[in-house]
Amino acid sequence: MNCQEFENVVTDLARVSMMDAAAREDGLGHAAGCARCAARLADEQTLTDGLCAAAAVSADTDYAPAHLEATLRAAFGARVEVLSPVAHAFAPRGSRSMVVGAVAAVFAALVTLVGWNVLRSSQAPPLKPVAQTPLANGSVPPKNAIENREAVSLKDVVGKNSVGHEDGVNENDVDALQELSSARSNLKAIATGRHQRFARAGLASGSPRGESVEEPSAAPRFVSTSADEDSIATEFMPLTQGGELSNADGGQIVRVEMPRSALVSFGLPMNMERARERVKADVVLGHDGVARAIRFVH
Amino acid sequence: MTVLATTPSDDELLRRIIAGEEDAFVALYRRRSGGIYRFALHMCGSEAIAEDVTQEVFMALMRDIKKFDSSRGSLAAYLYGIARHHVLRQLARDRAFVPMMNGDETETSACELLAAPDDPLGDLTRRETVGRVREAVLALPAHYREVVVLCELHEMSYVDAATALGCAVGTVRSRLHRGRAMLIERLRAAEQPRTDAHTIKTARCFA
Chain A
34 MNCQEFENVV TDLARVSMMD AAAREDGLGH AAGCARCAAR LADEQTLTDG
84 LCAAAAVSAD TDYAPAHLEA TLRAAFGARV EVLSPVAHAF APRGSRSMVV
134 GAVAAVFAAL VTLVGWNVLR SSQAPPLKPV AQTPLANGSV PPKNAIENRE
184 AVSLKDVVGK NSVGHEDGVN ENDVDALQEL SSARSNLKAI ATGRHQRFAR
234 AGLASGSPRG ESVEEPSAAP RFVSTSADED SIATEFMPLT QGGELSNADG
284 GQIVRVEMPR SALVSFGLPM NMERARERVK ADVVLGHDGV ARAIRFVH
Chain B
2 MTVLATTPSD DELLRRIIAG EEDAFVALYR RRSGGIYRFA LHMCGSEAIA
52 EDVTQEVFMA LMRDIKKFDS SRGSLAAYLY GIARHHVLRQ LARDRAFVPM
102 MNGDETETSA CELLAAPDDP LGDLTRRETV GRVREAVLAL PAHYREVVVL
152 CELHEMSYVD AATALGCAVG TVRSRLHRGR AMLIERLRAA EQPRTDAHTI
202 KTARCFA
């Protein structure tokens, strides 16, 4: 064995660790004949003695503080208490598959419910833009809600009033719900006939809100009125200078008869052979007596 | 008839811990906490850090006890691995800080170093030896220090040390060899100033 080979085994020689017996003999023999390697081995043995002494002293004196054990015991007890109720809750029910099945059933029910709502909302006809007559108290009549009450759903109203959040719910949703509630109140009033005059224009109880006024459609269409299911009426057409329905302070609706030729002036088709006949119309009059809007009733 | 009391193995204690037996946890803690605490103490030199590391190790065991795989190594190696992780993180955190030495402590340390050669026995006392070795170990680079601490101060086998450190057995052997060589150099260097100081002291006496 040369000095290089001795260097490879000197640590094991000094630590008295398990090693090949032949290598040990060769190493000790080399150290006996080489002063430098003998000194190297002596240094290693001194270090080993020092390390063993340090380990022994540390083992005698260095211990984890007692309060640490108490802390960990408390933590262990708390952890067991937290975990136990869960285990006991599922234990009597038997296998884990039952738990998974229950969770799957709940999930399937949720999916079915959501899918049914989506299907229902997709099958509902879109809300038709219709003109809204200014109310006496300045609110918008929920006429569309009356005339298309079957088509009006919560989602429609919410989606209509939500900007950029068709499926979301924001502060406008509250307004939409109130508007829908107002529409239902109107329907009830119409059914009882107490406010028949205003109900035709959706003014029965007056919506407390409804700041937006939609433009009337260019081609007025006939829709069935709520008061008289047999009669149909056009949308209200503005008669004001600006051509818009403004939020009047008040007013009333007056049923009038006028020559059928008046339909022409509003762009409605007219049978010339029946020009002498008269047609019915609802005129919205303001407090100043000026006609605000008109609709034709057939 | 003699009944031999058998000490439960680590695996048996683990099974009981998983079942929620607090006594098993306490038994395992008392069996392993000393080594973990001393490992952290030898690595950091701070009792406070050693206490924190010990607590973290057993909290981690409590939390992730099912992560231990006995086929990959012993429980001791697993715990030492967790402790090593926390120690290295603590060392990295404290690397930016320089400890403020107390003047009295420095003076005392110097007196001890100077007093040693004047010992009539002419040899290092056991306490001095242990103190010097500890200082030298703490001065080692971390990757040499952890091997020396595990294999020398904790008498861990190369295999278990390799498992705890996450490296090969050959790496443990080479690091231990290099770490011991560095310790010898440092202890020898620490011996040299004492000789010089003794000379200076003697000169002053003659002056």
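Taken in sequence, the protein lines are chains A and B. To convert a position in the first sequence, counted from 1, into this note's numbering, add 33. To convert a position in the second sequence, counted from 1, into this note's numbering, add 1. C-beta: ideal position from N, C-alpha, C; glycine also.
As assigned by DSSP and simplified to three states, the class of residue i
i: A/GLU290; result: strand
i: A/ALA142; result: helix
i: B/ALA169; result: coil
i: B/MET63; result: helix
i: B/GLY104; result: Below a pLDDT of 50, predicted positions are generally treated as unreliable, and B/GLY104, at 42, falls in that range; no measurement from the model is reported.
i: A/ALA97; result: coil
i: A/MET270; result: strand
i: A/VAL42; result: helix
i: A/ASP321; result: coil
i: A/VAL207; result: Here A/VAL207 scores only 48 on pLDDT, less than 50, and its place in the model should not be relied on; the value that follows carries that caveat. Correct three-state label for A/VAL207: helix.
i: A/LYS221; result: A caution first: A/LYS221 carries a pLDDT of 45, below 50, which makes its placement in the model unreliable, though a value can still be read off. Helix, per DSSP.
i: A/SER250; result: Model confidence at A/SER250 stands at a pLDDT of 41, short of 50, so the residue's coordinates are unreliable; what they give is reported in the following sentence. If DSSP states are grouped into helix, strand and coil, A/SER250 belongs with coil.
i: A/GLY201; result: Unreliable positioning characterises A/GLY201 in this predicted model, as indicated by a pLDDT of 41, which lies under 50. The coordinate reading is nonetheless provided below. Three-state DSSP puts A/GLY201 in coil, outside helix and strand.
Where the alpha helix (DSSP H) containing residue i begins and where it ends
i: A/VAL330; result: Counting along the chain, A/VAL330 falls outside any alpha helix (DSSP H), though it belongs to the beta strand (DSSP E) covering 324 to 330.
i: B/ILE83; result: 76 to 95
i: A/MET305; result: Looking at the DSSP string, A/MET305 is not in any alpha helix (DSSP H), and its letter there is neither H nor E.
i: A/ASN35; result: Premise fails: A/ASN35 is in no alpha helix (DSSP H) and is neither H nor E.
i: A/MET51; result: It is not in any alpha helix (DSSP H) - A/MET51 carries neither H nor E in the DSSP assignment.
i: B/CYS45; result: 23 to 45
i: B/ARG17; result: 11 to 19
i: B/ALA140; result: Neither: B/ALA140 is in no alpha helix (DSSP H) and is coded neither H nor E.
i: A/SER298; result: 295 to 298
Beta-carbon gap between residue i and residue j smaller than 8 Å
i: A/ARG325; j: A/VAL317; result: yes
i: B/LEU154; j: A/SER91; result: yes
i: B/VAL148; j: B/VAL170; result: no
i: B/LEU80; j: B/LEU15; result: no
i: B/LEU1; j: A/LEU80; result: Residue 1 of chain B cannot be examined here, being either before or after the span of chain B that is shown, 2 to 208.
i: A/ARG307; j: A/ASP315; result: no
i: B/THR8; j: B/SER34; result: no
i: A/VAL42; j: A/MET52; result: yes
i: A/GLU6; j: B/TYR30; result: It is not possible to answer for residue 6 of chain A, since the shown part of chain A is limited to 34 through 331.
i: A/GLU77; j: A/ALA97; result: no
i: B/ALA165; j: B/ALA61; result: no
i: B/SER72; j: B/ASP12; result: no
i: B/ARG127; j: A/ASP95; result: no
i: B/THR189; j: B/TYR145; result: The sequence shown places Arg at residue 189 of chain B, not Thr. No, they are not a contact pair.
i: B/GLY36; j: B/ASP161; result: no
i: A/ARG293; j: A/GLU310; result: yes
Residue i - containing beta strand (DSSP E), residue span
i: A/ARG311; result: 311 to 318
heavy atom of the ligand ZN below 7 Å from residue i C-beta
i: B/SER34; result: The model depicted lacks the ligand ZN and carries no ligand whatsoever.
Is the number of C-beta pairs between the region 73 to 87 of chain A and the region 124 to 138 of chain B that are closer than 8 Å three or more?
yes
For the region 84 to 91 of chain B and the region 41 to 53 of chain B, state whether three or more C-beta atom pairs, one from each stretch, are separated by less than 8 Å.
yes
Taking Cβ-Cβ distances below 8 Å as the criterion, which residues of the region 28 to 47 of chain B are in contact with chain A?
TYR30, ARG31, SER34, GLY35, ILE37, TYR38, ARG39, LEU42 and HIS43
Decide yes or no for the touch test of the region 22 to 34 of chain B against the region 136 to 146 of chain B: beta carbon pairs closer than 8 Å, at least 3 of them.
no
How do the region 4 to 23 of chain B and the region 51 to 66 of chain A stand: do at least 3 beta-carbon pairs fall below 8 Å, yes or no?
no
What are the residues of the region 157 to 179 of chain B that lie near chain A, defined by any Cβ-Cβ distance shorter than 7 Å?
LEU177 and HIS178
Interface positions of the region 83 to 96 of chain A facing chain B (Cβ-Cβ less than 9 Å), listed along the chain
GLY83, LEU84, CYS85, ALA86, ALA87, ALA88, ALA89, VAL90, SER91, ALA92, ASP95 and TYR96
Closer than 7 Å, Cβ to Cβ, to anything on chain B: give me those residues from the region 66 to 82 of chain A, in chain order.
ASP76, GLU77 and LEU80
Beta carbons nearer than 9 Å to chain A: which residues of the region 60 to 86 of chain B have them?
MET60, MET63 and ARG64
Residues of the region 127 to 138 of chain B in Cβ contact with chain A at a cutoff of 9 Å, in chain order, please.
ARG127, ARG128, THR130, VAL131, GLY132, ARG133, VAL134, ARG135, ALA137 and VAL138
So if I threshold CB-CB distances at 7 Å, which residues from the region 45 to 64 of chain A count as touching chain B?
none
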